[in-house]
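Undergrad: Position 86 (the sequence shown) corresponds to 86 in our numbering; numbering is contiguous. Yeah, the Cβ is synthetic: ideal placement off N, Cα and C, and Gly gets one too. Keep in mind that this is a model prediction, so the values were computed, not measured. There's a structure below that I have some questions on.
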Amino acid sequence: MRKLVILGSTGSIGVQALEVVAASDALRVVGLAAGSDSDSLLAQARDHGVPRVALADAGAAKRAAAEWGGEVLAADEGLRALVADSEADLVLNAIVGAAGLGPTIVALSAGIDVALANKESLVVGGELVSALAEATDSQLIPVDSEHSALHQLIRGEGPGTVERLVLTASGGPFRGRTELGEVTREEALAHPTWEMGGKITIDSATLINKGLELIEAHHLFGIPYAQIDVVVHPQSIVHAVVHLNDGASLAHLGYPDMRVPISYGLHYPERVDVAAPLLDLVAVGELTFEEPDLTTFPCLRLAREAGEAGGTAPCVLNAANEVAVSAFLEGRIPFVGIAAVIEESLDSLPLTDPGHFDDLFAADEEARRRAGELVERLGPALAGTGGNGSPSESA
Ligand code: NAD
Ligand code: MG
Numbered sequence: 001m002r003k004l005v006i007l008g009s010t011g012s013i014g015v016q017a018l019e020v021v022a023a024s025d026a027l028r029v030v031g032l033a034a035g036s037d038s039d040s041l042l043a044q045a046r047d048h049g050v051p052r053v054a055l056a057d058a059g060a061a062k063r064a065a066a067e068w069g070g071e072v073l074a075a076d077e078g079l080r081a082l083v084a085d086s087e088a089d090l091v092l093n094a095i096v097g098a099a100g101l102g103p104t105i106v107a108l109s110a111g112i113d114v115a116l117a118n119k120e121s122l123v124v125g126g127e128l129v130s131a132l133a134e135a136t137d138s139q140l141i142p143v144d145s146e147h148s149a150l151h152q153l154i155r156g157e158g159p160g161t162v163e164r165l166v167l168t169a170s171g172g173p174f175r176g177r178t179e180l181g182e183v184t185r186e187e188a189l190a191h192p193t194w195e196m197g198g199k200i201t202i203d204s205a206t207l208i209n210k211g212l213e214l215i216e217a218h219h220l221f222g223i224p225y226a227q228i229d230v231v232v233h234p235q236s237i238v239h240a241v242v243h244l245n246d247g248a249s250l251a252h253l254g255y256p257d258m259r260v261p262i263s264y265g266l267h268y269p270e271r272v273d274v275a276a277p278l279l280d281l282v283a284v285g286e287l288t289f290e291e292p293d294l295t296t297f298p299c300l301r302l303a304r305e306a307g308e309a310g311g312t313a314p315c316v317l318n319a320a321n322e323v324a325v326s327a328f329l330e331g332r333i334p335f336v337g338i339a340a341v342i343e344e345s346l347d348s349l350p351l352t353d354p355g356h357f358d359d360l361f362a363a364d365e366e367a368r369r370r371a372g373e374l375v376e377r378l379g380p381a382l383a384g385t386g387g388n389g390s391p392s393e394s395a
């Protein structure tokens with residue numbers, strides 16, 4: 001039995017991971033963690049016989065401790081302890097945002113393999129996280145569907161055979177539009193093919209999700225940015241393609257169902273049965289591909305530029321995006337304000353070469369402060385250009 005800790009277990013990925021665990025004979029959950037949803041977390045702990053949980057929110061942890069016989073750990077130290085003292089074989093990191101970086105560092109430092117849904121760990125800390133994994137001989141197994149697909153496509157290849165990688169993007173709810181001044185929060189939250197948490201759904205609508213994935217792929221597979229393409233594929237059936245040196249191109253196909261990459265990440269290098277329907281090519285009928293529109297969706301361009309610049313640029317990009325997405329969801333900036341906040345943050349902050357994780361935490365904090373100021377300043381200015389409706393409609 002592989003001992004597993006799931007971080008972010010109450011979210012979209014976390015809940016599906018527990019479904020995969022329930023259907024598997026190979027996994028036993030020894031710890032669960034979430035942000036503040038103590039009721040859901042305790043229900044999961046009871047259902048899956050988990051002895052220890054952690055909650056990032058100290059008040060929520062206190063409430064949970066009062067009503068549960070198991071061990072409840074609190075705050076960031078609690079999450080660290082849950083991972084470090086778990087004797088787990090594997091940690092699934094399904095926390096959303098840069099908050100996931102700390103737990104990734106703790107797991108890798110303890111020599112524990114990480115099944116990584118939290119792409120922000122690699123966006124923010126790419127070089128340092130990869131170096132840490134190498135130093136402790138621990139593995140990062142991607143859970144993000146495109147990267148899981150690439151992992152599967154590349155695992156049989158020797159060095160020097162991979163020429164190019166292709167990440168596919170659904171294009172999000174605004175594919176084909178060239179004017180996004182008036183789009184609402186509800187429209188942005190209506191993803192055409194994937195059902196996911198709120199933050200990644202907005203990231204998919206701005207296409208920055210694919211930009212974050214470009215940076216993630218660069219670090220996971222050690223491929224230069226110039227050799228990684230993004231292609232819009234509205235059906236979300238082809239998850240990734242690798243082009244090889246002998247002219248062969250390999251694709252990974254399947255219906256959009258996160259249980260497939262989650263199961264792969266949790267069982268690697270084995271494969272187990274997943275109750276997912278097999279692909280019916282005739283029923284799908286048509287697979288189409290198009291160039292992404294970088295003018296209407298500048299976030300994808302900004303992410304590629306930040307990745308290529310390196311240093312703290314991807315960290316700043318990510319922090320500014322998190323602040324801007326929250327502000328958009330709260331009705332404080334329009335949809336097009338997200339790109340504006342990110343671009344201004346990158347333009348106005350000094351970018352450095354982080355020598356240590358503390359440099360990244362400092363850069364993240366400074367970028368959040370700067371992006372917060374920009375939301376205050378740009379929000380009212382941009383509101384005149386349209387936006388996401390009045391706060392009362394959109395809250
Ligand atoms: P979500 O918002 O549904 O869930 C987030 C989880 O993280 C919740 O359990 C929440 O309680 C927990 N959390 C939030 N802040 C925390 C903190 N500070 N400390 C501890 N726990 C905290 O998000 P999601 O859609 O499940 O996405 C999770 C991650 O997986 C993201 O990085 C996302 O980009 C990635 N991902 C998600 C999908 C998907 O289909 N949902 C696909 C690919 C990648
Ligand atoms: Mg993805």
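#1: With respect to the beta strand (DSSP E) encompassing Ser396, which residues constitute its N-terminal and C-terminal limits?
#2: For Arg63, collect the residues of the same chain with a Cβ closer than 6 Å to its Cβ; drop the 5 residues on either side in sequence, then sort them by chain order.
#3: Tell me whether Gln227 is buried or exposed, calling it buried when 16 or more other Cβ atoms sit within 10 Å of its Cβ.
#4: Work out the CA separation of Val106 and Asp273 for me, nearest whole Å.
#5: Beta-carbon separation of Leu101 and Ser121 under 8 Å?
#6: Quick test of the definition: if touching needs 3 or more C-beta pairs under 8 Å, does the region 127-141 touch the region 183-203?
#7: Please determine whether the Cβ atom of Glu120 lies at a distance below 7 Å from any heavy atom of the ligand MG.
#8: Tell me whether Asp364 sits in a helix, a strand or coil according to DSSP, three-state version.
#9: Can you list the alpha helix (DSSP H) stretches of 4 or more residues lying completely in the region 46-101, in chain order?
#10: Are there 16 or more other CB atoms within 10 angstroms of the CB of Ala88, so buried, or fewer, so exposed?
#11: Taking any heavy atom of the ligand MG as the mark, which residues have a C-beta closer than 6 Å to it, listed down the chain?
#12: Answer yes if the region 26-45 comes into contact with the region 72-91, meaning at least three C-beta pairs across the two stretches below 8 Å, and no otherwise.
#13: Hey, Val91 and Val5: beta-carbon distance below 8 Å or not?
#14: Using a Cβ-Cβ cut-off of 8 Å (strictly less than) and excluding sequence neighbours within five positions of Ala217, which residues of its own chain qualify?
#15: Going straight from the alpha carbon of Glu187 to that of Val325, what length do you get?
#16: Count the other C-beta atoms from every protein chain shown that fall within 10 angstroms of the C-beta of Asp364, then say buried if there are 16 or more, exposed otherwise.
#17: For a quick check, are the C-beta atoms of Leu42 and Val123 less than 8 Å apart?
#18: Glu286: buried (16+ other C-beta within 10 angstroms of its C-beta) or exposed?
#19: To which residues does DSSP link Leu122 through a beta bridge?
#20: Kindly indicate which residue of Val238, Glu77, His219, Leu244 has the alpha-carbon position closest to the one of Ile154.
#21: When DSSP labels each residue in this structure, what does His233 get in the three-state scheme?
#22: Let me know if Ser392 comes out buried or exposed under the rule of 16 or more other beta-carbons within 10 Å of its beta-carbon.
#23: Taking the C-alpha atoms as reference points, what is the distance between Ser394 and Pro380?
#24: When the Cα atoms are used, what is the spatial distance from Ala75 to Thr104?
#25: Which same chain residues end up closer than 8 Å to Leu382 when comparing Cβ atoms and leaving out the 5 residues on each side of it in sequence?
#26: Kindly give me the distance between the Cβ atoms of Val260 and Ala240, rounded to whole angstroms, as I take these residues to be in contact under 8 Å.
TA: So, from the data block:
#1: Because residue 396 is not part of the residues shown, which for the chain are 1 to 395, the question remains open.
#2: The residue you call residue 63 lines up with position 63 of the sequence shown. Closer than 6 Å at the Cβ level, and outside the excluded window around Arg63, lie Ser38.
#3: In the sequence shown, residue 227 corresponds to position 227, counting from 1. The residue in question, Gln227, is exposed, as its Cβ has fewer than 16 Cβ neighbours within 10 Å.
#4: Here residue 273 refers to the residue found at position 273 when the sequence shown is read from its first residue. Here residue 106 refers to the residue found at position 106 when the sequence shown is read from its first residue. Straight-line Cα distance between these residues: approximately 31 Å.
#5: Numbered from its first residue, the sequence shown carries residue 101 at position 101. Numbered from its first residue, the sequence shown carries residue 121 at position 121. Contact: yes.
#6: Contact between the region 127-141 and the region 183-203 is not established, with fewer than three Cβ pairs separated by less than 8 Å.
#7: As a working mapping, residue 120 is identified with position 120 in the sequence shown. Flag unset: Cβ of Glu120 not near the ligand MG.
#8: Numbered from its first residue, the sequence shown carries residue 364 at position 364. Note: Asp364 maps to helix in three-state DSSP.
#9: Counting whole runs of 4 or more residues, the region 46-101 contains the alpha helix (DSSP H) stretches 58-67, 75-84.
#10: Here the question's residue 88 lines up with position 88 in the sequence shown. Buried, by the Cβ-count rule.
#11: Result: Asp144, Ser145, Glu146, Glu213.
#12: Cβ pair count under 8 Å is three or more, so yes.
#13: The count along the sequence shown starts at 1 and reaches residue 91 at position 91. The count along the sequence shown starts at 1 and reaches residue 5 at position 5. Yes, they are a contact pair.
#14: As a position in the sequence shown, residue 217 is number 217, starting the count at 1. Sequence-distant partners of Ala217 (beyond 5 residues in either direction) whose C-beta falls short of 8 Å from its own C-beta, in its chain, are Glu146, His147, Leu150, Leu165, Leu167, Ile223, Ile228.
#15: Translated into positions along the sequence shown, residue 187 becomes position 187. Translated into positions along the sequence shown, residue 325 becomes position 325. In a straight line, the C-alpha of Glu187 is about 14 Å away from that of Val325.
#16: Numbered from 1 along the sequence shown, position 364 holds the residue referred to as residue 364. Buried: at least 16 other Cβ atoms inside 10 Å.
#17: Here residue 42 corresponds to residue number 42 of the sequence shown, with the count starting at 1. Here residue 123 corresponds to residue number 123 of the sequence shown, with the count starting at 1. In this structure, Val123 does not lie closer than 8 Å to Leu42 by Cβ.
#18: Locating residue 286 in the sequence shown gives position 286, where the first residue counts as 1. Answer is exposed; the Cβ neighbour count stays below 16.
#19: The sequence position of residue 122 within the sequence shown is 122, counting from 1. Paired residue(s): none; Leu122 is not in a bridge.
#20: One-based indexing of the sequence shown puts residue 154 at position 154. The candidate whose alpha carbon is nearest that of Ile154 is Leu244.
#21: Numbered from 1 along the sequence shown, position 233 holds the residue referred to as residue 233. DSSP, reduced to helix, strand and coil, places His233 outside both helices and strands of the structure shown, so it counts as coil.
#22: Taking the sequence shown and counting its residues from 1, one reaches residue 392 at position 392. Model confidence at Ser392 stands at a pLDDT of 36, short of 50, so the residue's coordinates are unreliable and nothing is read from them.
#23: Here residue 394 is taken as the residue at index 394 of the sequence shown, counted from 1. Here residue 380 is taken as the residue at index 380 of the sequence shown, counted from 1. No answer about Ser394 holds up, because its pLDDT of 36 lies below 50 and its placement is not dependable.
#24: In the sequence shown, the residue the question calls residue 75 occupies position 75. In the sequence shown, the residue the question calls residue 104 occupies position 104. Spanning the two alpha carbons is a distance of roughly 16 Å.
#25: To locate residue 382, count along the sequence shown from 1; it is residue 382. Apart from sequence neighbours up to five positions away, the residues of its chain that approach Leu382 with a beta-carbon distance below 8 Å are Ile333, Pro334, Val336, Gly337, Ala340, ordered along the chain.
#26: Here residue 260 is taken as the residue at index 260 of the sequence shown, counted from 1. Here residue 240 is taken as the residue at index 240 of the sequence shown, counted from 1. In fact, because the Cβ distance is near 13 Å, the residues do not count as touching under 8 Å.
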